[in-house]
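Quick notes on the structure that follows.
There are 2 protein chains.
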Amino acid sequence: MADKKLETTVDRVYQGVYQAISNRSLRPGMKLGEASLAELFNVSRTSVRAALKQLEADGLVSSEPNKGCWVSLPSDEEIRSLFETRRLIEIGIVTELCRRRDSAAMQDMREHLLLEEEARRNHDHQRLIHLLGEFHIKLAEALNNPVLLDWFRKLISRASLYVAALDDERHDACRDDEHLRLIEFIEAGNQNAAIELTCFHLAAIETAIVESAGKLKANYHPLKHLIET
Amino acid sequence: MADKKLETTVDRVYQGVYQAISNRSLRPGMKLGEASLAELFNVSRTSVRAALKQLEADGLVSSEPNKGCWVSLPSDEEIRSLFETRRLIEIGIVTELCRRRDSAAMQDMREHLLLEEEARRNHDHQRLIHLLGEFHIKLAEALNNPVLLDWFRKLISRASLYVAALDDERHDACRDDEHLRLIEFIEAGNQNAAIELTCFHLAAIETAIVESAGKLKANYHPLKHLIET
DNA sequence: CCTCTTGTTTTTGTATGCAAAAATTGAATG
DNA sequence: CATTCAATTTTTGCATACAAAAACAAGAGG
Chain A
1 MADKKLETTV
11 DRVYQGVYQA
21 ISNRSLRPGM
31 KLGEASLAEL
41 FNVSRTSVRA
51 ALKQLEADGL
61 VSSEPNKGCW
71 VSLPSDEEIR
81 SLFETRRLIE
91 IGIVTELCRR
101 RDSAAMQDMR
111 EHLLLEEEAR
121 RNHDHQRLIH
131 LLGEFHIKLA
141 EALNNPVLLD
151 WFRKLISRAS
161 LYVAALDDER
171 HDACRDDEHL
181 RLIEFIEAGN
191 QNAAIELTCF
201 HLAAIETAIV
211 ESAGKLKANY
221 HPLKHLIET
Chain B
1 MADKKLETTV
11 DRVYQGVYQA
21 ISNRSLRPGM
31 KLGEASLAEL
41 FNVSRTSVRA
51 ALKQLEADGL
61 VSSEPNKGCW
71 VSLPSDEEIR
81 SLFETRRLIE
91 IGIVTELCRR
101 RDSAAMQDMR
111 EHLLLEEEAR
121 RNHDHQRLIH
131 LLGEFHIKLA
141 EALNNPVLLD
151 WFRKLISRAS
161 LYVAALDDER
171 HDACRDDEHL
181 RLIEFIEAGN
191 QNAAIELTCF
201 HLAAIETAIV
211 ESAGKLKANY
221 HPLKHLIET
């Protein structure tokens, strides 16, 4: 996704809804009425529609013709697929990184780990969550592959959406030292260990999500002043 | 992507432009003026915009704010990224298939190979091309993973777009027996051989594309009666 | 001959309006 | 009390209209 310097209206709506979904102001299953959103953002329905279509392409929003849009409410099957895909991709990423032994990139990763530690020390839970997710994206960035990175971000967004649907304090899926250990494995070129750890890591997250996925199922709410603009 | 039974207007435009790009009626670099397309399809610019946005999400179309859209003209870097990504994914797919040893799925693949043979015997070049591409998608289908499949299709579309930009008779990248050999490797669970063959296979395609990529570079045409509706 | 300016034309971005489809309400009936 | 059906309201799909930005073209000045 190239940077569009000019902040266009539909981008504002897109970002706003995107944030609202991340913030869990908008939860899976909620209806996204065009008129309501248009009023919320003080824009026309046209722009809202464009933004929603983009969100749908990202998989964060589902739609049906003549019915409208909702925040995606993933089926168990979708969650499974998504994490299987993540596993497949991340194994590929880690394998390639092991092959390359790009020490500069790994140095970057270590700096990221410092940030994680800092957040953990300061008990900045919000920031820690964000950084833990960011770690996986930075791993993808290290490949220097815009095509893969672009799509991987979307994949992570969807996974985050599902995580965000969980009960409040279930985000502890990333255990303290796993990220560090992964980096060490990669630096050592220990491909098998890196892959195994990756699988374990993702399986833990998936399990947490699937467990609490049943809890929400189709609770549609009217959408009120949930979005801070 | 769930089937939308109801054929909506923007979908018609989307499909039309999509086809036109596959048909090579629309070539990389061509401008996609909203007004022209609207006239071509006898729809409003609104619908055209929506369709274009969707195509942009697929990576087939690029846009810049206040400038408009054109058929994606990939840089060498993008082509490289795309095929590196394809390699990463297809290795993952093949690895997983080797692990599963799903003989039913492999039987399906063999039936597909028969179709390829038939087309080759009949010298139905057009159909052969199509089937050769379809092979890779069927491989992904065998995983039973809608999330991955959905994205993989888009990836293949982009690769096809680049291939389609080539000179007419350069599509011979898929050598005769490689698909068969791959299936045999998978059935035998010979993971290493399958991976190696996959890499070789993709590298051949990529090389062909990169070689002739320089030839087109930024030849903008006016868009005339290129799309049959 | 090239470059810069400026006025015109074209094209995009967004809002509004209208028709068609879906959801909702409420009364009538079993 | 539940159910069905019709009238009403709401919501979506699409086209049109207008404002703003960019592309273009012609002429002035170097």
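Line order of the protein sequences matches chains A and B. Going by our numbering, the first residue of the first sequence is number 1, and it counts up by one from there. Going by our numbering, the first residue of the second sequence is number 1, and it counts up by one from there. Glycine included, C-beta positions come from ideal geometry on N, C-alpha and C. Keep in mind it's a predicted model, so treat the numbers as computed, not measured.
Distance CB(leucine 148 of chain B)-CB(glutamate 78 of chain A) smaller than 9 Å: Contact: no.
Status (buried if at least 16 other CB within 10 Å, exposed otherwise) for arginine 121 of chain A: Exposed.
C-beta atoms of alanine 194 of chain A and valine 94 of chain A nearer than 9 Å: Cβ atoms of alanine 194 of chain A and valine 94 of chain A: closer than 9 Å.
Beta-ladder partner(s) of valine 71 of chain A, from DSSP: Beta-bridge pairing links valine 71 of chain A to A:Val61.
Proximity winner among A:Glu64, A:Glu34, A:Glu184, relative to threonine 8 of chain B (alpha-carbon distances): With distances taken between Cα atoms, threonine 8 of chain B lies closest to A:Glu64.
Distance between tyrosine 18 of chain B and histidine 225 of chain B (C-alpha atoms, nearest Å): Low local confidence applies: a pLDDT of 36 at histidine 225 of chain B is under 50, so the model's placement there is unreliable, with the coordinate-based value given in what follows. Distance between the alpha carbons of histidine 225 of chain B and tyrosine 18 of chain B is about 15 Å.
C-beta neighbour in chain B for isoleucine 91 of chain A, strict 9 Å: Yes, because at least one Cβ of chain B sits closer than 9 Å to the Cβ of isoleucine 91 of chain A.
Rounded straight-line distance, which links the Cα of alanine 188 of chain B to that of valine 262 of chain B: The structure shown has nothing for residue 262 of chain B, since chain B only spans 1 to 229.
Nearest residue (CA-CA) to valine 71 of chain A, options A:Phe135, A:Glu34, A:Asp150: Looking at the Cα atoms, A:Glu34 is the closest of the given residues.
Lysine 53 of chain B - partner residues in DSSP beta bridges: According to DSSP, which records beta bridges pairwise, lysine 53 of chain B is partnered with nothing at all.
For tryptophan 151 of chain B and leucine 161 of chain B, the rounded distance between their alpha carbons: Cα to Cα, the separation comes out at about 15 Å.
Residues from the segment 137-160 of chain B in contact with chain A, defined by Cβ distance under 7 Å: Here the close residues are Asn145, Pro146, Val147, Leu148, Trp151.
Close-in-space but distant-in-sequence residues of the same chain around glutamate 90 of chain B (CB under 6 Å, 5 per side omitted): For glutamate 90 of chain B, where only same-chain residues beyond five positions count, the Cβ hits under 6 Å are Thr198.
Inter-residue Cα distance where the pair is alanine 119 of chain B and aspartate 176 of chain B: Their Cα atoms are separated by approximately 12 Å.
Selection of the segment 67-88 of chain B by Cβ proximity to chain A, strictly under 8 Å: For the segment 67-88 of chain B, which is checked against every Cβ of chain A, the residues closer than 8 Å are Glu77, Glu78, Ser81, Leu82, Glu84, Thr85, Leu88.
Selection from A:Ala159, A:Arg127, A:Leu113, A:His125 that minimises the alpha carbon distance to lysine 138 of chain A: Of the listed residues, the one whose Cα sits closest to lysine 138 of chain A is A:Leu113.
Any chain B beta carbon closer than 9 Å to glycine 29 of chain A: Interface with chain B (9 Å Cβ-Cβ cutoff): glycine 29 of chain A is excluded.
Contact under 9 Å by Cβ, arginine 12 of chain A with valine 61 of chain A: Cβ distance not < 9 Å, so arginine 12 of chain A and valine 61 of chain A don't count as in contact.
Distance between leucine 182 of chain A and asparagine 190 of chain A (C-alpha atoms, nearest Å): Near 9 Å, if we compare the C-alpha coordinates of leucine 182 of chain A and asparagine 190 of chain A.
Cα-Cα separation between glycine 16 of chain A and alanine 203 of chain B, rounded to whole angstroms: Cα to Cα, the separation comes out at about 42 Å.
C-alpha distance - valine 163 of chain B paired with histidine 179 of chain B, whole-angstrom precision: About 19 Å.
Cα-Cα separation between tyrosine 14 of chain B and alanine 50 of chain A, rounded to whole angstroms: Rounded to whole angstroms, the separation of the alpha carbons of alanine 50 of chain A and tyrosine 14 of chain B is 14 Å.
Beta-carbon separation (whole angstroms), glutamate 96 of chain A vs leucine 88 of chain B, contact threshold 8 Å: Between leucine 88 of chain B and glutamate 96 of chain A the Cβ distance is about 7 Å, and since that is below 8 Å, they are a contact.
Simplified DSSP state of leucine 143 of chain A, which is helix, strand or coil: Reduced to three states, the DSSP call for leucine 143 of chain A is coil.
Residues sharing a beta bridge with lysine 154 of chain B, DSSP: Beta-bridge pairing links lysine 154 of chain B to no other residue.
Arginine 24 of chain A, enclosing alpha helix (DSSP H) - first and last residue: Where arginine 24 of chain A is concerned, there is no enclosing alpha helix (DSSP H), given that its DSSP letter is neither H nor E.
Leucine 182 of chain B - partner residues in DSSP beta bridges: Beta-bridge pairing links leucine 182 of chain B to no other residue.
Reference valine 210 of chain A; option with closest CA among A:Cys69, A:Asn23, A:Leu73, A:Phe41: Distances from the alpha-carbon of valine 210 of chain A to those of A:Cys69, A:Asn23, A:Leu73, A:Phe41 put A:Leu73 closest.
Close Cβ partners of valine 10 of chain A (< 7 Å) along its chain, the five nearest in sequence each way excluded: If the five residues before and after valine 10 of chain A are omitted, its C-beta is found closer than 7 Å to the C-beta atoms of Ser47, Ala50, Ala51, all from its own chain and listed in chain order.
Beta-carbon contacts of leucine 143 of chain A that lie in its chain and below 8 Å, excluding the five residues immediately before and after: For leucine 143 of chain A, where only same-chain residues beyond five positions count, the Cβ hits under 8 Å are Ile93, Glu96, Leu97, Leu149.
Buried versus exposed call for aspartate 140 of chain B [16 or more other C-beta atoms within 10 Å across all chains shown]: For the sequence presented, residue 140 of chain B should be read as alanine rather than aspartate. By the C-beta density criterion, alanine 140 of chain B is buried, having at least 16 other C-beta atoms within 10 angstroms.
Cβ of threonine 8 of chain A within 9 Å of any chain B Cβ: Yes - at least one Cβ of chain B is within 9 Å of the one on threonine 8 of chain A.
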